[in-house]
Every structure is written in structure tokens, then in C-alpha cells.
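Take a look at the structure below.
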DNA sequence: TACCTAGTGGGTACATTGTTCCCATCAAGG
DNA sequence: CCTTGATGGGAACAATGTACCCACTAGGTA
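Residue numbers (UniProt numbering), protein chains in the order written: chain G, 1 to 238; chain S, 1 to 238.
Dropping the structure here:
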């Protein structure tokens with residue numbers, strides 16, 4: 001693999017037209033995304049994709065070199081859902097918030113995305129399209145592209161981490177095959193005993209008992225506003 | 001699985017003493033972590049763990065219900081590396097920074113952690129130990145535990161996302177079996193042609209050509225300080 | 001028109017994995 | 001000494017990714 005390795009995106013470009021193709025890469029990627037969204041990456045098998053497309057399993061290998069490449073294409077494809085405004089507003093803060101919210105929504109729509117992007121740097125055409133817009137928006141923060149890029153990266157980090165954390169419980173349920181109720185019925189007593197009743201974790205106990213339970217949206221918004229505040233301070237200050 | 005499902009942590013507790021056990025859960029988990037650290041999760045197979053331990057493959061199932069549970073134990077085990085100070089300092093900002101840095105260092109030491117935690121909420125004993133400290137430190141930010149917890153969560157999001165993003169390139173190399181040099185030799189020309197020479201992505205081009213290349217540490221620090229600034233503003237303001 | 005060639009679909013088969021089943025072994029208690 | 005239950009681990013199976021191979025077909029060529 002190390003010798004003749006080429007990026008998918010290269011091969012997509014000089015893809016000669018095929019004679020009466022029965023499938024298309026787009027179709028395959030779309031089907032794969034549907035499966036992974038609905039049933040988790042663990043349910044994403046080549047046979048399954050083929051079955052859903054009504055084709056033979058190994059026919060897929062005419063379009064995609066393997067499952068790995070399929071996942072790479074999926075990661076880029078969902079970037080295509082990120083709608084890019086014609087131009088950034090005049091308020092960088094509004095723009096960065098919009099970027100954060102759209103990225104988060106996308107990551108939550110595709111629960112496999114946040115983990116899969118962890119080994120697939122998004123450099124496909126759709127990702128580039130989005131990055132270009134994000135950098136344009138970040139240009140409103142600072143004319144210094146180094147600063148702008150670093151701060152955009154910070155927002156990106158926050159959004160991705162928030163998605164990973166938010167999804168972890170849901171994905172744990174999927175992995176174990178438990179419903180949300182069953183999950184709670186297993187975890188709650190454990191937490192009560194080990195955390196609360198043991199007395200070993202007073203702060204965690206306080207957190208569980210006294211804290212208002214913010215939903216994920218509120219929680220996300222608080223952190224995001226903090227980060228944007230910090231960015232604002234750094235920019236106006238310098 | 002849905003009927004007789006119990007958390008690992010339960011079973012760890014009422015683990016009856018075994019007669020002349022040849023292995024131990026700790027030993028198995030440690031070995032698994034070593035393999036995953038050195039060669040990636042893809043190299044982590046039950047047979048491999050057994051081989052490294054000089055035992056039969058299926059003997060592992062006397063200690064662990066399956067690979068999934070092993071990964072759960074691994075995720076908790078690495079939390080054990082997070083050294084907890086006897087008590088938080090008087091400066092919450094120092095404490096949160098320390099938390100962020102230690103968590104990041106741990107995530108980078110174990111490249112599989114950030115993605116695996118995405119489907120395994122850390123509720124094991126080692127994770128609880130760390131969370132307790134983190135909440136104590138966050139108590140310095142605000143007496144309101146709801147606020148403190150939300151802001152700590154923001155830091156946590158940022159750190160995790162930073163790790164995922166930072167590791168993505170390295171993990172891509174591992175997945176493709178390319179060295180760092182080979183990887184660059186493949187990606188660089190692609191970026192040059194598609195991003196720079198195409199003229200389609202002026203901001204991205206500016207980013208690549210004009211921006212000073214910050215290393216990951218610097219990049220992390222900038223975002224972290226922004227976030228802490230934002231937290232500080234929110235707390236003193238309110 | 002007849003034929004050739006390269007691209008295409010897809011079945012078969014194999015290696016690798018997680019995991020279940022089963023049996024031999026062995027420590028400890030009666 | 002014998003019984004019992006726990007333990008190590010081999011054999012075997014199901015699921016999966018994928019290489020290999022063959023049949024078929026469209027479109028150009030003689």
C-alpha cells in the first residue's frame with residue numbers, strides 16, 4: 001500500500017467515464033451513510049451496502065478500493081451538507097457561531113463522523129469548500145491569518161469535542177444494544193451506590209444532586225459563548 | 001445482552017477470589033494498552049493480547065467478557081495516569097489549565113483514547129477519581145455547581161476535540177501504513193494543485209502560504225487561554 | 001458483419017477476527 | 001481418596017474484508 005498509494009481525491013478527478021456503470025460512487029457513499037446513521041458504523045459492512053443497493057458485494061470494489069476509502073468518502077460527503085452563505089456577515093462573532101452550530105448539527109446527524117474524522121484529516125473537496133468559508137469568516141476576527149486560523153481551530157476543537165462527549169452515551173447504548181431506559185436503569189443505581197452513597201466523591205455527588213441538568217444545547221452554548229468572549233477579548237485587546 | 005447486562009465496574013467489585021489465577025485483569029488491560037499505543041487499535045486483537053501474555057486466546061474470556069469490555073477497562077485505566085494534586089491551588093485558572101494539560105497529554109500518549117471514549121462514557125473508578133478532582137477545581141470558578149460543571153465541561157470539550165484533531169493526521173498515516181514523509185509526499189502536491197494552483201480557495205491558500213505554522217502545543221495553548229479568558233469574564237461579570 | 005478488447009458485475013474462496021463450546025486439569029473440601 | 005467447581009485452552013464457527021477469477025457486454029476495428 002505504501003508504494004502505489006494515491007489519495008482518493010486524485011482518482012476521483014481522473015476518473016475515466018465508464019461504460020454503462022450500474023452504480024456510482026455517490027450512490028454507494030449515500031447508502032453507506034444511511035446505514036451508518038441509522039444503525040451505527042458497526043452495521044456498516046460491504047455486504048450490507050451491496051445488499052441495500054441490490055448489487056453483488058464485490059462489485060463495490062470497482063468503485064472504491066476498500067472500506068477504508070469508503071469511510072474517507074463518507075467523511076467528506078457529509079461536509080457537503082454544511083451550507084455555506086454567499087458571504088460572511090459583517091460580524092465575525094455571528095459567523096463563528098454559525099459555523100459552530102452548523103458543524104455541531106452535522107456531527108450530531110452523523111454520530112460516526114466525530115470518531116471517524118479522528119483518523120481522516122478532512123481534505124476532500126467538500127471539506128475544502130467549508131474550510132474556505134470558515135477561514136473567510138475567521139478573517140473578520142483578525143487580519144493576521146496566523147491568528148485567525150488558530151482561533152478558528154480553537155472553535156473547531158470545541159465543537160468536535162462537544163460532539164464526541166455528547167454522543168458518547170448514545171453510542172454506548174447502541175454498542176451494548178440497550179435502550180435509553182435500560183441504560184439508565186443500569187447506570188443510575190451504580191452511580192447512586194458508588195458515587196453518592198459511598199461518600200468518596202462529595203463534589204461529584206453535589207454535581208449530581210444539586211446541579212440543574214442543562215440539556216446539551218444549553219451546555220454547548222455556554223461553552224461556545226465563553227470561547228467567543230475569549231476570542232473577542234484577545235482580538236480587541238491586541 | 002440486553003437482559004443480563006451488568007456494568008463491568010459492578011463485576012469488578014464482587015469479584016470472588018479465584019483459585020490460582022494465572023492472569024489478572026490488570027495485566028490484560030496493561031498489555032492491551034501497550035499494544036494499542038504502539039501499533040494502533042487495529043492491531044489490538046484478542047489473539048495478540050493472549051500471545052503477548054503467553055496464554056491461550058480464550059483464556060482471556062475468563063477475565064473479560066469480550067473485547068468491548070476490554071476497551072472499556074482500557075479507557076478507565078488510562079484515567080489512572082492522571083495525577084491528582086492533594087488539593088486545588090487557590091487560583092482556579094491554574095487548576096483548569098493543569099487539568100487541560102494533563103488530559104491532553106494523556107490523550108496524546110494513548111492515540112486510541114479520544115476516539116474510543118466517544119462510545120464509552122468514563123464512569124469507571126479511575127475516571128471518577130479524576131472527575132472528582134476536576135469538579136473540586138471547578139468549584140473555584142463558581143460556587144454554583146451548575147455553572148462550575150458547565151464550564152468544566154467546556155474545557156473538557158475543548159481538550160478532547162483538540163486531541164482528536166491533532167491526532168487525525170498521525171492516525172491517518174498509521175491506517176495507510178505510510179511514514180510521515182511518504183504521507184507528506186502524497187498530500188503536499190495534492191494540496192498545491194487543488195487548493196493553491198486551482199485558485200478556488202484563496203483564503204485557504206493564504207493560510208497555507210502566509211500563516212506562520214504554529215505547532216500543536218502553541219495552537220492548543222492559544223485556544224485554551226481564550227476559553228479561560230471567556231470563563232473568567234463570565235464569572236467576574238456575574 | 002464478425003471479432004476483439006477492455007471494462008464491468010459478481011460468485012467463490014480465503015485470511016482474519018471475535019467468540020462459543022467443550023474437555024482436560026487442578027485446587028480444595030469432605 | 002473422591003467430588004466439585006473453577007480454570008486454561010484447543011477446536012470450531014460465524015462474520016467480515018477482500019483477492020482472484022470468470023462470464024458478459026459495449027464499442028471500436030478489420
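Each residue gets a CB set at the ideal place from its N, CA and C atoms; glycine is no exception.
Interface partners of residue i on chain S, CB under 9 Å
| i | result |
| --- | --- |
| residue 9 of chain G | 190 and 194 |
| residue 68 of chain G | 175 and 176 |
Exposure of residue i, with buried meaning 16 or more beta-carbon neighbours within 10 Å
| i | result |
| --- | --- |
| residue 132 of chain S | buried |
| residue 3 of chain G | Low local confidence applies: a pLDDT of 49 at residue 3 of chain G is under 50, so the model's placement there is unreliable, with the coordinate-based value given in what follows. Exposed. |
| residue 116 of chain S | buried |
| residue 166 of chain S | buried |
| residue 22 of chain G | exposed |
| residue 163 of chain G | buried |
| residue 231 of chain G | buried |
| residue 185 of chain S | exposed |
| residue 66 of chain S | exposed |
| residue 12 of chain G | exposed |
| residue 89 of chain S | exposed |
| residue 205 of chain S | buried |
| residue 171 of chain S | buried |
| residue 59 of chain S | exposed |
Three-state secondary structure (DSSP) of residue i
| i | result |
| --- | --- |
| residue 110 of chain G | coil |
| residue 232 of chain G | helix |
| residue 6 of chain S | coil |
| residue 64 of chain G | coil |
| residue 51 of chain S | helix |
| residue 91 of chain S | coil |
| residue 33 of chain S | helix |
| residue 125 of chain G | helix |
| residue 20 of chain G | coil |
| residue 85 of chain G | coil |
| residue 136 of chain S | helix |
| residue 213 of chain S | coil |
| residue 168 of chain G | helix |
| residue 161 of chain G | helix |
| residue 80 of chain S | coil |
| residue 201 of chain G | coil |
| residue 141 of chain S | coil |
| residue 218 of chain S | helix |
| residue 120 of chain G | coil |
| residue 179 of chain S | coil |
| residue 40 of chain S | coil |
| residue 56 of chain G | coil |
| residue 45 of chain G | coil |
Contact set for residue i: own chain, Cβ-Cβ below 6 Å, skip 5 residues either direction
| i | result |
| --- | --- |
| residue 25 of chain S | 63 |
| residue 155 of chain G | 96 and 100 |
| residue 142 of chain S | 148 and 235 |
| residue 1 of chain G | Low confidence applies to residue 1 of chain G: its pLDDT is 40, below 50, so where it sits in the model is not reliable enough to give any reading. |
| residue 70 of chain S | 32 and 64 |
| residue 227 of chain S | 158 |
| residue 92 of chain G | 140 and 141 |
| residue 53 of chain G | 31 |
Chain G residues whose Cβ lies nearer than 9 Å to that of residue i
| i | result |
| --- | --- |
| residue 158 of chain S | 154, 157, 158, 161, 162, 223 and 227 |
| residue 217 of chain S | Going along chain G, no residue has its Cβ under 9 Å from residue 217 of chain S, so there is no contact; the nearest lies around 12 Å. |
| residue 117 of chain S | 164, 165 and 168 |
| residue 139 of chain S | 203 and 206 |
| residue 120 of chain S | 168, 171, 172 and 175 |
| residue 234 of chain S | 222, 225, 226 and 229 |
Contact set for residue i: own chain, Cβ-Cβ below 7 Å, skip 5 residues either direction
| i | result |
| --- | --- |
| residue 48 of chain G | 35 |
| residue 80 of chain G | 126 |
| residue 84 of chain G | 129, 130 and 133 |
Partners in chain S for residue i, counting only beta-carbon separations shorter than 7 Å
| i | result |
| --- | --- |
| residue 165 of chain G | 156, 157 and 160 |
| residue 5 of chain G | 176, 178 and 186 |
| residue 38 of chain G | Here the premise fails: no neighbours, minimum Cβ distance about 16 Å. |
For residue j and residue i, believed in contact at Cβ under 8 Å, the rounded distance
| i | j | result |
| --- | --- | --- |
| residue 208 of chain S | residue 196 of chain S | 7 Å |
| residue 73 of chain G | residue 29 of chain G | 5 Å |
| residue 153 of chain S | residue 103 of chain G | That belief does not hold up - the Cβ atoms of residue 153 of chain S and residue 103 of chain G are roughly 18 Å apart, past 8 Å. |
| residue 178 of chain G | residue 5 of chain S | 6 Å |
| residue 211 of chain G | residue 145 of chain S | 5 Å |
| residue 203 of chain G | residue 136 of chain S | 5 Å |
| residue 118 of chain S | residue 114 of chain G | 6 Å |
Contact set between residue i and chain G, taken where Cβ atoms lie within less than 7 Å
| i | result |
| --- | --- |
| residue 210 of chain S | 145 |
| residue 132 of chain S | 201, 203 and 204 |
Chain-ordered chain G contacts of residue i [CB-CB under 8 Å]
| i | result |
| --- | --- |
| residue 136 of chain S | 203 |
Amino acids of chain S, ordered along the chain, whose beta-carbon sits closer than 8 Å to that of residue i
| i | result |
| --- | --- |
| residue 151 of chain G | 222, 223 and 226 |
| residue 214 of chain G | 146 and 150 |
Same chain, Cβ closer than 8 Å to residue i, neighbours up to 5 away in sequence not counted
| i | result |
| --- | --- |
| residue 191 of chain G | 208 |
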